[in-house]
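>
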Amino acid sequence: MFSGRCIFFKRSLRRIRKNIVKLLSIFLLVFITTALFVGYYVGTSSVLSSITEFNKTNNLESGHFMTNQSLSKNNPDIEKIEYAEISTKDTTIRVFKKSQFINLYQITEGKDNNDINDILIDNNYLLAHGLRINDSLKLLGNNFNISGVAISPDYIMSKKNDLILQPNSETFGVAYVSEATFDKYFKNRSHSYYSYTGNKTVKKLAKQFNVLSIIDSKNDSKVKQVIGDAESPKKLSLVIVSLFLIITIILISIYFIEVKRREHANIESLYNLGKSKIWLMSHYMFDVMIIVNSAWLSGVISGLSVIKIVMYMNSSIYNYPILTIDKLSLYSAIFGSLIVLNFLLLVMSYVNFYIQKHKVSLTKKNITNCLPSFSFTYRYRIVKMIRNYWETILYFMMIFITAILINFSILLKSSVSDYVENLRHETKFEFMYNVQSDQETYPDTEMLRNYRLSDDNGILQTVYLLNANSKYYDIRNDDVVVTKAFSEKYNYKVGDKIKLSDRVSNKDLYFKIDRISNNNTNSEVYINNTLIEELEGINSFNTIVLSNKRLKDSQNIISVITKNEIVKSGKNILNIINKQISMILVIAIVVEITLMYSLIRFIYENNYSSMKVYYLLGFSKKDIYRFHFSLNIPISIVLIASGYALNLIIVRKFLDNIMYTFSNYVVVSNNIHSFAVTTLLIFIVYLLFILSFRIKLQKEDFK
2 MFSGRCIFFK RSLRRIRKNI VKLLSIFLLV FITTALFVGY YVGTSSVLSS
52 ITEFNKTNNL ESGHFMTNQS LSKNNPDIEK IEYAEISTKD TTIRVFKKSQ
102 FINLYQITEG KDNNDINDIL IDNNYLLAHG LRINDSLKLL GNNFNISGVA
152 ISPDYIMSKK NDLILQPNSE TFGVAYVSEA TFDKYFKNRS HSYYSYTGNK
202 TVKKLAKQFN VLSIIDSKND SKVKQVIGDA ESPKKLSLVI VSLFLIITII
252 LISIYFIEVK RREHANIESL YNLGKSKIWL MSHYMFDVMI IVNSAWLSGV
302 ISGLSVIKIV MYMNSSIYNY PILTIDKLSL YSAIFGSLIV LNFLLLVMSY
352 VNFYIQKHKV SLTKKNITNC LPSFSFTYRY RIVKMIRNYW ETILYFMMIF
402 ITAILINFSI LLKSSVSDYV ENLRHETKFE FMYNVQSDQE TYPDTEMLRN
452 YRLSDDNGIL QTVYLLNANS KYYDIRNDDV VVTKAFSEKY NYKVGDKIKL
502 SDRVSNKDLY FKIDRISNNN TNSEVYINNT LIEELEGINS FNTIVLSNKR
552 LKDSQNIISV ITKNEIVKSG KNILNIINKQ ISMILVIAIV VEITLMYSLI
602 RFIYENNYSS MKVYYLLGFS KKDIYRFHFS LNIPISIVLI ASGYALNLII
652 VRKFLDNIMY TFSNYVVVSN NIHSFAVTTL LIFIVYLLFI LSFRIKLQKE
702 DFK
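Heads up, the sequence shown is in this note's numbering, so the first residue is 2 and it goes up one at a time.
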């Protein structure tokens with residue numbers, strides 16, 4: 002005679018062997034959910050926490066400004082930052098003098114500068130140019146020894162200019178030298194600005210220091226984009242994990258329903274033999290609990306192994322400081338997932354095996370009243386969908402979530418691809434020079450002013466003062482033109498008035514939009530030079546020289562950016578997106594295959610008796626197939642279309658979370674391609690499993 006404990010384990014192990022395929026489906030989903038949570042969520046959280054701590058420890062600036070005044074060197078809240086822009090034909094290095102208080106660099110490899118000819122450079126520039134620590138770097142005819150790799154918090158994203166969406170280490174890098182080295186080799190061609198920290202207002206700074214121009218961290222894309230790029234994947238991982246958790250709950254619930262249906266007689270017998278509801282609940286939960294916790298452990302191990310990979314996934318774009326795993330996120334993910342999974346398992350077991358439920362049936366009269374003009378096939382299908390609601394919910398969730406994941410991936414990729422292609426066509430100049438003065442002239446070039454004026458939300462807008470005959474920007478004879486990107490981003494149309502403010506002079510400007518240009522890649526405002534009096538008294542502008550050929554080096558030139566750099570920056574982010582999209586697509590297909598397999602098995606086994614009855618009553622197997630799959634395709638198309646519409650909003654939010662304050666603008670591609678590809682991928686998997694159902698049905702003799 003067996004003890005109760007022996008019976009408990011023997012029956013549980015027998016159920017595991019019998020339902021191994023279904024339990025493996027549950028295992029796979031729990032594994033993916035846990036691995037994503039531990040790996041992707043902890044990885045992205047660790048990047049964010051490491052950067053936040055680095056910014057705090059190394060005293061990231063709150064902003065920077067330019068002034069003609071000479072300020073005190075003893076103020077730790079305001080520091081003069083000196084740099085020199087060293088350009089060759091193919092690359093530019095921005096060399097900074099070592100700061101004392103603000104934007105302190107961190108050495109990530111090697112050692113600090115000890116010799117007059119030592120220099121620190123950023124890691125991505127080092128790798129892009131095949132350099133190593135202790136190699137020689139030639140600048141201005143002098144050889145410098147690369148003593149190490151370093152980065153400061155304001156240049157984690159080492160962009161040369163705000164027009165560039167992503168850094169390109171092949172053409173631009175940053176370097177750091179000691180004060181003595183800078184004064185000896187770079188002082189005579191240096192530029193400077195003042196960085197500040199704390200909660201100083203722009204108005205107060207402008208008044209106190211006679212500021213010419215000012216940029217705060219909110220409007221500095223080098224600073225803002227790093228945080229946005231770290232936050233968005235973290236939020237995305239939480240959304241994906243939550244969706245997978247919902248699917249897992251549904252799949253386990255269906256498993257419990259199926260077990261309860263098959264084991265109904267055994268449950269009654271065990272209950273009559275004196276087994277309590279708690280014992281029954283524990284007994285029928287035990288096999289799933291083993292699978293779920295085994296999957297959780299496997300997921301944790303896999304997640305732990307990819308945390309570092311996720312953390313450095315974007316290292317080809319960003320010059321990260323030393324990254325460390327966020328222990329709080331790690332422990333929260335590990336133990337939080339364990340508690341949540343087991344709690345939900347307990348709740349589902351309680352609902353299915355402890356609480357007594359009574360089915361509510363739909364009578365023929367009910368059906369007739371609700372569906373008076375439907376054929377029997379559709380009446381039967383709708384009733385089955387209502388009665389077997391877990392089956393219906395699983396199908397809806399499977400199609401909708403798979404559509405969301407695939408659509409998101411394809412929409413994001415196509416949007417950035419279109420952005421890169423548009424950059425190539427819409428960037429008319431080959432070279433853009435930022436110069437100190439407009440007194441020096443350059444033949445065969447176009448000179449203009451670039452203002453950064455604030456809107457009501459404190460976002461700095463890019464405003465160009467142009468000649469009517471500009472060949473690089475679409476101004477023509479209109480007074481004020483905004484780009485299509487600006488119009489879409491801020492919901493402006495022709496005839497609307499724009500309010501812009503100069504934060505230095507505290508002057509408000511109002512402009513009426515005459516036309517919207519076709520530029521989709523940059524959110525900009527073009528003002529005709531005839532309105533120069535409107536901008537009188539505003540001195541916070543940069544003088545820009547545009548050219549289709551490279552100009553000779555001059556002390557008047559502060560920096561240069563090329564069309565090739567602008568276009569290539571878009572390609573860099575596309576390479577990163579392709580890696581992330583590939584992962585999401587693989588996960589989406591695996592999830593759909595797993596769920597479709599579980600769903601088809603559930604439908605077949607749960608409806609076997611009714612299929613047999615209808616077959617013996619004279620219905621053909623084709624009719625029986627229709628009873629269980631009619632309406633699925635139109636429902637799927639509606640769900641995919643809904644997912645597509647929702648993704649247009651999600652992708653827009655995702656991009657805006659990263660770059661809303663930038664002049665760069667990525668239009669979300671709204672074409673049939675994404676919808677068609679998503680529909681095709683989902684239906685290929687769907688039709689394969691439907692075909693397997695039909696083959697199995699055709700072989701069934703129903704005896």
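We treat Cβ as the ideally placed atom computed from N, Cα and C, and that holds for glycine.
Answer with buried or exposed for Gln-462, where buried requires no fewer than 16 other C-beta atoms within 10 angstroms of its C-beta.
Buried.
> Cα separation between Val-652 and Ser-415?
Distance between the alpha carbons of Val-652 and Ser-415 is about 11 Å.
> Can you tell me the Cβ-Cβ gap for Ile-405 and Leu-647, rounded? I've got them flagged as a contact below 8 Å.
Right, their Cβ atoms sit about 7 Å apart.
> So, Gly-538 versus Lys-508, is the Cβ gap smaller than 8 Å?
Contact flag set, yes.
> Tell me which residue opens and which closes the alpha helix (DSSP H) that Thr-403 is part of.
Where Thr-403 is concerned, the enclosing alpha helix (DSSP H) stretches over 390-427.
> CB Asn-353 to CB Lys-261, shorter than 8 Å?
Yes, they are a contact pair.
> Between Asn-343 and Ser-350, what straight-line distance do the alpha-carbon atoms span, to the nearest angstrom?
Computed Cα separation, rounded: 10 Å.
> Can you have a look at Phe-336 and say buried or exposed, based on whether 16 or more other CB atoms are within 10 angstroms of its CB?
Phe-336 should be labelled exposed.
> How long is the line joining the alpha carbons of Ile-402 and Leu-681, rounded to whole angstroms?
If I take the Cα positions, the gap works out to 15 Å.
> Can you look up Phe-187 in the DSSP assignment and give me helix, strand or coil?
Phe-187 falls in the coil class under three-state DSSP.
> Exposed or buried, Gln-167, counting other C-beta atoms within 10 Å across all chains shown (16 or more means buried)?
Buried is the call here.
> Provide the residue span of the beta strand (DSSP E) that contains Asp-178, from first to last.
According to the sequence as given, residue 178 is Val; it is not Asp. 173-178 is the span of the beta strand (DSSP E), which, as asked, contains Val-178.
> Anyone know if the C-beta pair for Ser-47 and Leu-339 falls short of 8 Å?
Going by C-beta atoms, Ser-47 is not nearer than 8 Å to Leu-339.
> What are the start and end residues of the alpha helix (DSSP H) that includes His-130?
It is not in any alpha helix (DSSP H) - His-130 carries neither H nor E in the DSSP assignment.
> By DSSP, does Gly-644 sit in helix, in strand, or in coil?
Three-state result, Gly-644: helix.
> Please report the distance separating the alpha-carbon of Ala-469 from that of Ile-215.
Computed Cα separation, rounded: 28 Å.
> At the 8 Å Cβ level, is Ser-88 part of the contact set with chain D, yes or no?
In the structure shown, chain D does not exist; there is a single protein chain.
> Rounded to whole angstroms, what's the CA-CA distance from Ile-638 to Phe-620? Just pull it up for me.
Distance between the alpha carbons of Ile-638 and Phe-620: 28 Å.
> Judging by CA-CA distance, which residue of Ile-559, Lys-112, Gly-111 is the nearest neighbour of Val-436?
Ranking Ile-559, Lys-112, Gly-111 by Cα distance to Val-436 puts Ile-559 first.
> In three-state DSSP terms, what is Thr-58?
The answer is helix: DSSP assigns Thr-58 an H, G or I state.
> Could you check where the beta strand (DSSP E) with Gln-462 kicks off and where it finishes?
Its beta strand (DSSP E) spans residues 461-467.
> Going by DSSP, what residue range makes up the beta strand (DSSP E) through Tyr-500?
Looking at the sequence itself, residue 500 is Lys, so the reference to Tyr does not match. Taken as a continuous stretch (DSSP letters only), the beta strand (DSSP E) holding Lys-500 covers 498-503.
> Judging by CA-CA distance, which residue of Lys-513, Glu-392, Ser-438 is the nearest neighbour of Ser-254?
Comparing Cα positions, the closest option is Glu-392.
> CA-CA distance, Leu-596 and Ile-636?
Whole-angstrom Cα-Cα distance: 17 Å.
> Can you check whether the CB of Ser-233 is closer than 8 Å to the CB of Tyr-42?
Cβ distance not < 8 Å, so Tyr-42 and Ser-233 don't count as in contact.
> Buried or exposed, going by whether 16 or more other CB atoms sit within 10 Å of the CB of Phe-703?
Result: exposed.
> Should Val-361 be labelled buried (16 or more other beta-carbon atoms within 10 Å of its own) or exposed?
At Val-361 the pLDDT is 45, less than 50, meaning the model places this residue with poor confidence; the figure from the coordinates comes in the next sentence. Classification of Val-361: exposed, given that the 10 Å Cβ count is below 16.
> Helix, strand or coil for Arg-551, going by three-state DSSP, please let me know.
DSSP places Arg-551 in coil when its eight states are reduced to three.
> Starting from Gly-111, follow the alpha helix (DSSP H) in both directions and report where the run begins and ends.
Gly-111 -> not in any alpha helix (DSSP H); beta strand (DSSP E) instead, spanning 107-111.
> State buried or exposed for Arg-551, treating a residue as buried only when at least 16 other CB atoms are found within 10 Å of its CB.
Exposed, since its Cβ has fewer than 16 Cβ neighbours within 10 Å.
> Rounded to the nearest angstrom, what separates Ser-524 and Lys-490 at their Cα positions?
Looking at the two C-alpha atoms, the distance is approximately 8 Å.
> Just mark Ser-243 as buried or exposed, buried being the case when its beta carbon has 16 or more other beta carbons within 10 Å.
It counts as exposed.
> If you count every other CB in all the chains shown that lies within 10 Å of the CB of Tyr-332, and 16 or more means buried, which is it?
Looking at its Cβ environment, which holds fewer than 16 other Cβ atoms inside 10 Å, Tyr-332 is exposed.
> Going by DSSP, what residue range makes up the beta strand (DSSP E) through Glu-431?
That residue, Glu-431, is in no beta strand (DSSP E); it is neither H nor E in DSSP.
> According to DSSP, is Lys-494 helix, strand or coil?
Reduced to three states, the DSSP call for Lys-494 is coil.
> Compute the Euclidean distance between the alpha carbons of Lys-697 and Phe-377, then round it to the nearest angstrom.
Their backbone Cα atoms lie some 24 Å apart in a straight line.
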